[in-house]
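Taking it in order: structure first as structure tokens, then the write-up.
Numbering (this note's numbering), first residue to last: 160 to 365.
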């Protein structure tokens, strides 16, 4: 899965280089200080429309004692109200993710309770989830011009995240999401509406 994400991202970059319109490479300044990588390439297709492919990598098997390993490949189309790569824009985004994380609802030391009300011996803070997600949503942002080749891209994406995963106890290795939690399926499922991407990307025109 990781190799597929990387190869897809490289393919998008190669396609961008082959076009005549402007292309920017970018990196998210907000995540670099904590050792997370978020890079992208944005290519112009017309005076107002661009397309972007971006890759997010959180390599942390443990971050502040919690599982935080995430790989996200995203694609979005953008419409700029002024002109491409300048000022306000809106867009539509589709992203794929692979994760090994501890969801925020488990950041406590309570006993895990099955959906049928049965209390388990598992402690929430020892539990983690491993699986994949599909995300579809909209985004809005503003690109500041810093120089002839430099831009600053401030943006936020909001949408639906549909996740398919298995839950484990990190001490015993047991599956904790049984007893009807998965509704008789091999994997558990969840659907949420939330902000799933955003940041402050430093962009350089090739």
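Glycine residues also receive a C-beta, built at the ideal position from the N, C-alpha and C atoms. These numbers were taken from a predicted model, which means no experiment stands behind them.
- Within 10 angstroms of the Cβ of residue 351, are there 16 or more other Cβ atoms? Answer buried if so, exposed if not. Counting other Cβ atoms within 10 Å of its Cβ, residue 351 stays below 16 and is therefore classed as exposed.
- Item | Sequence-distant residues of its chain with Cβ nearer than 7 Å to residue 268 (five each side left out) | 282, 283 and 284.
- Whether residue 183 touches residue 363 by CB criterion (8 Å): Contact flag set, yes.
- If we count the other Cβ atoms within 10 Å of its Cβ and call it buried at 16 or more, is residue 301 buried or exposed? Classification of residue 301: exposed, given that the 10 Å Cβ count is below 16.
- Item | Delimiting residues of the beta strand (DSSP E) encompassing residue 257 | That run of the beta strand (DSSP E) goes 246-260.
- Task: Starting from the Cα of residue 137, find the closest Cα among 320, 198 and 304 and give me that residue.
- Result: Absent from the model: residue 137. The displayed extent of the chain is 160 to 365, so no value can be given.
- Message: Can you give me the C-alpha to C-alpha distance between residue 359 and residue 247, rounded to a whole angstrom?
- Response: In a straight line, the C-alpha of residue 359 is about 14 Å away from that of residue 247.
- Query: Can you give the Cα-Cα distance for residue 244 and residue 227, rounded to whole angstroms?
  - Reply: Taking the straight line from one Cα to the other gives about 32 Å.
- May I have the straight-line CA-CA distance separating residue 208 from residue 348, to the nearest angstrom? In a straight line, the C-alpha of residue 208 is about 35 Å away from that of residue 348.
- Can you give me the Cβ contacts of residue 293 inside the same chain, cut-off strictly under 7 Å, excluding the 5 residues immediately before and after it? Closer than 7 Å at the Cβ level, and outside the excluded window around residue 293, lie 255 and 321.
- Task: Look at the Cβ atom of residue 260, then the Cβ atom of residue 216, and state whether they are nearer than 8 Å.
- Result: No.
- Query: With residue 180 and residue 203 assumed to form a contact (beta carbons below 8 Å), what rounded beta-carbon distance in angstroms separates them?
  - Reply: Yes, residue 180 and residue 203 are in contact; Cβ-Cβ is about 4 Å, under 8 Å.
- Query: In terms of residues, what are the limits of the beta strand (DSSP E) holding residue 281?
  - Reply: Segment 278-282, the beta strand (DSSP E) holding residue 281.
- Expressed to the nearest angstrom, what Euclidean distance is found between the alpha-carbon atoms of residue 336 and residue 330? Cα to Cα, the separation comes out at about 15 Å.
- Message: Closest to residue 323 by C-alpha separation, out of 308, 270, 333 and 289, would be which residue?
- Response: For residue 323, the nearest C-alpha among the options comes from 289.
- Query: CA-CA distance, residue 306 and residue 194?
  - Reply: Near 27 Å, if we compare the C-alpha coordinates of residue 194 and residue 306.
- Which residues in the same chain have their Cβ closer than 7 Å to the Cβ of residue 251, if we skip the five residues on either side of it in sequence? Counting only Cβ-Cβ distances below 7 Å, and skipping sequence neighbours, we find 235, 236 and 297.
- Query: DSSP three-state call for residue 305: helix, strand or coil?
  - Reply: In this structure, residue 305 counts as coil in the three-state DSSP scheme.
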